[in-house]
Amino acid sequence: MPAAPVPPSSWLVAVPRPIPAYDFAAPHGHAGTFPVGCRVLVPWRGEPLVGVVVGAGSERQSHRLREALQLLDAPERPWVPAATVQALGEWAASAGLPLGLVWDDLLGVGWAPALAHRVRAVAGADLTAFAENAAPAAVPGPQWSDGAGYLPALLDSVREQGLLEEEFTPVQPTVSRIYPTAQGQGPLTPKQAEAAEWLAEYPGQESLSSWARGAGVSSSVVAAVLARGHAALHEEAAPPPALPPCAAPWSPGLPDSLPVAERWRLNGGKFAARARALAPRIQAQLQAGGSVLVLVPEHATLDRAWAALSGLAEPCGTGAALFSGLLSPEQREHSWEQIRSGAARLVVGSYLALTAPLASLGLLLVLDEGSDAYKLSSGSRAWVPDTAQAVAGAHGAELGTAGVVPAVETVKWPALELPAPRVRLHTVDYGAAPTQPELGPLSMPGQAQSSLGYPLSHDLRAVLRQVQERGRQAALLAPRRGYSALLRCPQCDYAPQCPNCDVALRFHRSAHQLMCHQCGHRQNVPRSCANCGEAMWQTKGPGTEWLAQEVAQLLPGMPVYRVDRDHQDDLSALHAGGSGVVVGTQLLLSQPAPPELALLAVTLADTWLNVPDFRASERYHALLWELAEWHPARAPLLLVQTFQGTHPALEALRRSQSEDAGQSVSLYPRQEWELRRTLGYPPHACLAQVEVAARDRDRARAAADAVAAALYTAGATAQEVLGPAPAPIARVRGVYPYHLLLRARSPERLRELLDAVGSVRAGGRVRVDVSPRHLS
Numbered sequence: 000m001p002a003a004p005v006p007p008s009s010w011l012v013a014v015p016r017p018i019p020a021y022d023f024a025a026p027h028g029h030a031g032t033f034p035v036g037c038r039v040l041v042p043w044r045g046e047p048l049v050g051v052v053v054g055a056g057s058e059r060q061s062h063r064l065r066e067a068l069q070l071l072d073a074p075e076r077p078w079v080p081a082a083t084v085q086a087l088g089e090w091a092a093s094a095g096l097p098l099g100l101v102w103d104d105l106l107g108v109g110w111a112p113a114l115a116h117r118v119r120a121v122a123g124a125d126l127t128a129f130a131e132n133a134a135p136a137a138v139p140g141p142q143w144s145d146g147a148g149y150l151p152a153l154l155d156s157v158r159e160q161g162l163l164e165e166e167f168t169p170v171q172p173t174v175s176r177i178y179p180t181a182q183g184q185g186p187l188t189p190k191q192a193e194a195a196e197w198l199a200e201y202p203g204q205e206s207l208s209s210w211a212r213g214a215g216v217s218s219s220v221v222a223a224v225l226a227r228g229h230a231a232l233h234e235e236a237a238p239p240p241a242l243p244p245c246a247a248p249w250s251p252g253l254p255d256s257l258p259v260a261e262r263w264r265l266n267g268g269k270f271a272a273r274a275r276a277l278a279p280r281i282q283a284q285l286q287a288g289g290s291v292l293v294l295v296p297e298h299a300t301l302d303r304a305w306a307a308l309s310g311l312a313e314p315c316g317t318g319a320a321l322f323s324g325l326l327s328p329e330q331r332e333h334s335w336e337q338i339r340s341g342a343a344r345l346v347v348g349s350y351l352a353l354t355a356p357l358a359s360l361g362l363l364l365v366l367d368e369g370s371d372a373y374k375l376s377s378g379s380r381a382w383v384p385d386t387a388q389a390v391a392g393a394h395g396a397e398l399g400t401a402g403v404v405p406a407v408e409t410v411k412w413p414a415l416e417l418p419a420p421r422v423r424l425h426t427v428d429y430g431a432a433p434t435q436p437e438l439g440p441l442s443m444p445g446q447a448q449s450s451l452g453y454p455l456s457h458d459l460r461a462v463l464r465q466v467q468e469r470g471r472q473a474a475l476l477a478p479r480r481g482y483s484a485l486l487r488c489p490q491c492d493y494a495p496q497c498p499n500c501d502v503a504l505r506f507h508r509s510a511h512q513l514m515c516h517q518c519g520h521r522q523n524v525p526r527s528c529a530n531c532g533e534a535m536w537q538t539k540g541p542g543t544e545w546l547a548q549e550v551a552q553l554l555p556g557m558p559v560y561r562v563d564r565d566h567q568d569d570l571s572a573l574h575a576g577g578s579g580v581v582v583g584t585q586l587l588l589s590q591p592a593p594p595e596l597a598l599l600a601v602t603l604a605d606t607w608l609n610v611p612d613f614r615a616s617e618r619y620h621a622l623l624w625e626l627a628e629w630h631p632a633r634a635p636l637l638l639v640q641t642f643q644g645t646h647p648a649l650e651a652l653r654r655s656q657s658e659d660a661g662q663s664v665s666l667y668p669r670q671e672w673e674l675r676r677t678l679g680y681p682p683h684a685c686l687a688q689v690e691v692a693a694r695d696r697d698r699a700r701a702a703a704d705a706v707a708a709a710l711y712t713a714g715a716t717a718q719e720v721l722g723p724a725p726a727p728i729a730r731v732r733g734v735y736p737y738h739l740l741l742r743a744r745s746p747e748r749l750r751e752l753l754d755a756v757g758s759v760r761a762g763g764r765v766r767v768d769v770s771p772r773h774l775s
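Using numbering that gives the first Met the number 0, you'd call the opening residue of the sequence shown number 0 and step up by one each time.
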């Protein structure tokens, strides 16, 4: 019989810092199973720090390693599944990212457990030499004592010499409750007696204020009862925090029509229709004993997905868990333990759920896989669908995507396409010939181009008046927050600029200030033009404030609301069915659609198109369909104001409603797939954007040139390296960024190029963004 493998004596541990994983010796006396995926306490800069065991350490010179302090999880119940650990390690290596940075981003719970720390000197050790000038009591003795009573640096010095025994035990949360006592001291006043009687009937009050409110007396009365010993405070175990309740149990009662494949997609229909189509596959996995993970891009989709899918778990004999950054730390830990114990095998959550401790993961669903919300804006800058694909592969799980339209990267996957949502589309084309073509139900042939009206076209004004007359609701999508994109001098065209960035300042009328949307700089509106002295200013580029003002002037007495990052009105009256118009940025779409919505207007669609990014048209197409399905039941009139009325994305939306198009929502993504194959963009190439920046323009340029030279020296071709070039905004927060775009035929080749970038001492700040979503 072969001998059991000997577990490695050193462990590779990732800590939540932007650094690689480091080797640590296994804790003294540990001889159990190799604990990959378990949390471990390690000494870090003089204090204990929680890390995750991500692999076996190097056996070379392992006797010189610092020793891990204590394993926090049983190896048979790791904090994160071993397959997920493997997937994240491989993905981080392919992206050239330090493991600590990746784990800090993607593991949202468990880094700061409440622990009691006890210490004592090892038997026979005299630690007084470590006390220096302090009293001997300042060092641990032979008996267990509280580690918090000693200086962390002292403990680490003793620890490093191997003379310290330590013990870390979890601290269970407690709460204080107020209970009546059998006997008190002294008589009570009538009010005090009344409060004591009420407490006897309702013991276990959380606070003096809750007791006072319940008894109908003042706080001083109950405080006196407590002081006289007729009540007492008791510490008891805290109940688990409340979690979002699951939806009512349901089963679809429909056959599974989804493709049978390792990767597949579901598109078309509205959200409820897609949920019904997903339900049979989800329940089949749960009934077979597997687990299902559903990832969502943002909070609005999370609420809808939880409401639609959580009820599928109970009929399959399991529970559902919601996991996202919206939960409190206590709720996240409780939800994580439910998943880890196997009580919940259906998990719906944000990107933080990607590391959930699900056993037997059989299906990983990514909803709206093309949403830019999946791109982390800092840290590892992970593109979550890529990471999800790695996790599904490591677990051997199916990978499915579902959304109203497919991303270009998934459009060729096996698919089930439901009929497209019904769209009532009308286009106001500012760039058309003097007479407009038949663009929709409100078209007025013969209307001059110069008379179309801006920023609210005559067509939009007419429909808004109908909305008011009929007591209905409308939503206008604005291209930006604030009042206008800029203030401009009508005499010399000068526009006030940000002192820190090479951009014009945005005008915010409500605050009567100019603001930079890059760095946050604010200043008052100048009295006159700094260039020519003109005292009048001209606004250009309407924002939410300007459009809301226009609507209010057009519809006197009509409630007008605003929703953007600066200002969010209370929409409860609108959601209760009241008539009104809401003007907002895309933030508006993160809220439920008003129930009586009759009109949806995009006030200037070109804002989404006039961006130097190859994904701009795809985003525009996805936005149009997001608007089309925003209301769960209605098909409001979708009015689009644009200078590009025949853009292929808009044409695809119109064609999807015709019989000969088969109502396909993948028409435009298929066109984009072919175009990108010609141009060499994803999914036909792997991209990474390298940003080189410095506070001096010449230094930034020289550093970018040095990176480019290192790439060419390593064998890169001109087709693989585009740039360097100044960023579209040449200066941001006083820094000059330069960009290089790496374009490789495979992930392996991209990794080779990233290795060349990592070898350069450029003299500027270098940041790498793999799978960039915004090239502007």
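Glycine included, each C-beta is placed from N, C-alpha and C at the ideal position.
Item                                                                                                                              : Value
Straight-line gap, residue 582 to residue 35 (C-alpha atoms, nearest Å)                                                           : 51 Å
Runs of beta strand (DSSP E) wholly within the region 281 to 365 (minimum 3 residues, chain order)                                : 290 to 294, 318 to 322, 343 to 348
Close beta carbons around residue 129, own chain, < 8 Å, minus the five adjacent residues each side                               : 138, 153, 156, 157
Of the listed residues 58, 570, 519, nearest to residue 561 (C-alpha basis)                                                       : 570
C-beta contact flag for residue 179 and residue 199 at 8 Å                                                                        : yes
Whole runs of the beta strand (DSSP E) within the region 494 to 536, excluding any shorter than 3 residues                        : 505 to 507, 512 to 514, 521 to 523
Residues that DSSP places opposite residue 178 in a beta bridge                                                                   : 231
Presumed contact (8 Å Cβ cut-off) between residue 58 and residue 112, rounded CB distance                                         : Not quite, the Cβ-Cβ distance comes to about 30 Å (not below 8 Å), so this is no contact.
Sheet register partners of residue 685 (DSSP bridge)                                                                              : 743
Element boundaries [alpha helix (DSSP H), containing residue 697]                                                                 : 696 to 712
Distance between residue 167 and residue 229 (C-alpha atoms, nearest Å)                                                           : 38 Å
Proximity to residue 262 [Cα-Cα], best of 425, 387, 593, 704                                                                      : 387
Contact between the region 574 to 594 and the region 458 to 478 (3+ Cβ pairs under 8 Å)                                           : yes
Nearest-angstrom Cα separation, counted from residue 427 out to residue 527                                                       : 36 Å
Limits of the beta strand (DSSP E) - the one that residue 597 falls within                                                        : 596 to 601
Bridge-paired residues (DSSP) for residue 425                                                                                     : 638
Sub-8 Å separation of residue 756 and residue 769 beta-carbons                                                                    : no
Residue span of the beta strand (DSSP E) that contains residue 580, given as start and end                                        : 579 to 583
Beta-carbon contacts of residue 333 that lie in its chain and below 8 Å, excluding the five residues immediately before and after : 239, 240, 242
Residue 735, DSSP secondary structure in three states                                                                             : strand
Residue 798 vs residue 291 beta-carbon contact at 8 Å                                                                             : Outside the displayed range of the chain (0 to 775) lies residue 798, so it cannot be described from this structure.
Own chain, CB closer than 7 Å to residue 416, minus 5 neighbours either side, in chain order                                      : 266, 267, 663, 664, 665
For residue 400: DSSP bridge partner residues                                                                                     : 264, 365
Residues bridged to residue 160 [DSSP beta-bridge criterion]                                                                      : Bridge partners of residue 160: none, in fact.
Beta-carbon gap between residue 68 and residue 47 smaller than 8 Å                                                                : yes
Short Cβ contact (8 Å threshold) for residue 207 with residue 218                                                                 : yes
Through-space distance from residue 712 to residue 759, alpha-carbon basis                                                        : 11 Å
Residue 625 versus residue 592 - alpha carbon distance                                                                            : 11 Å
For residue 722, the first and last residue of its enclosing beta strand (DSSP E)                                                 : 720 to 725
Contacting residues, own chain, Cβ-Cβ under 6 Å from residue 164 (five flanking each side not counted)                            : 119, 121
Separation of residue 226 from residue 777, as counted between CA atoms                                                           : The displayed coordinates of the chain run from 0 to 775. Any statement about residue 777 would go beyond what the structure contains.
Residue 72 - partner residues in DSSP beta bridges                                                                                : DSSP lists no partner for residue 72.
Assigned exposure category for residue 182 - 16 Cβ within 10 Å defines buried                                                     : exposed
Beta strand (DSSP E) segment containing residue 472, residue limits                                                               : 472 to 476
Residue nearest to residue 75 in terms of C-alpha spacing, selected from 31, 209, 233, 235                                        : 31
Residue burial classification, residue 443 (beta-carbon count within 10 angstroms, cutoff 16)                                     : For residue 443, the predicted structure reports a pLDDT of 42, less than 50, and the residue's modelled location is therefore unreliable. The matter cannot be settled from this model.
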